[in-house]
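First the structure, in the form of structure tokens, and then the observations on it.
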Amino acid sequence: MENIRPKIALLVIYNHRYDENISRIERIYSCRFTYLYHVMPFYDGDKSNVLSVYESSYQYQSYVAQAYQQIKRSEAKCVYSHFFVVADDMIINPNITEDNLFEYTGIGVDECYIISVRDISKEKYPMSQFHTISSFNVKIGGGTRFQHMMKP
């Protein structure tokens, strides 16, 4: 049986636009992950591995969906076997690399780490800010500060 090496893309999710952290994150992870993307709200710079997303900073599920569509359309036409998604304000254990991710975490190559998906609005004690998190209005402040980027 042939052992095919997984092609893992590291997606670093930013909840706010912190352009200055791009180079810091790359210094930390580029030697451990060949394919590194920054998923950043309202990014308008020129780095090809920074994927601009347009959504409230409370709703990361849209970030991943938007980033995935951009990766599919990219010039590189890279097809990844896996996506490793982390936040920009956390640090992955320095021992973890794209070569040992599955061994280190105990997750099988044909598995994922999503334990469950559920509608939190139906929980007995839903999150106190559920309404704020589940709504997105460009005229109301909060979350991602993007109002100055909108055309009048």
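Going by our numbering, 77 is the number at position 60 of the sequence shown; the sequence numbering is gapless.
Even for Gly, the Cβ is constructed at its ideal location relative to N, Cα and C.
Rounded straight-line distance, which links the Cα of Leu28 to that of Glu37: Rounded to whole angstroms, Glu37 to Leu28 spans 17 Å at the Cα level.
Cβ pair count under 8 Å reaching 3, the region 77-88 against the region 49-59: The answer is yes - the region 49-59 touches the region 77-88, with three or more Cβ pairs under 8 Å.
Own chain residues within Cβ distance below 6 Å of Arg49, not counting five before or after: Non-local C-beta neighbours of Arg49 in its own chain, meaning closer than 6 Å and more than five positions away in sequence, comprise Thr114, ordered along the chain.
Proximity of Ala26 and Phe119 at Cβ, strictly below 9 Å: Contact flag unset, no.
Same chain only: Cβ atoms within 6 Å of Ser69, ignoring 5 sequence neighbours per side: Around Ser69: Tyr60.
Any non-hydrogen atom of the ligand ADP within 8 Å of Ile42 CB: This structure simply doesn't include the ligand ADP, nor any ligand for that matter.
CA-to-CA distance, Ile30 to Ser74, given in whole angstroms: Roughly 10 Å between the two C-alpha positions.
Enclosing beta strand (DSSP E) for Ser69 [first to last residue]: Looking at the DSSP string, the run of the beta strand (DSSP E) that includes Ser69 is 67-70.
Residue burial classification, Met18 (beta-carbon count within 10 angstroms, cutoff 16): Any reading at Met18 must be qualified, since the residue scores a pLDDT of 43, below 50, and its modelled position is unreliable; the value itself is stated next. With fewer than 16 Cβ atoms within 10 Å of its Cβ, Met18 is classed as exposed.
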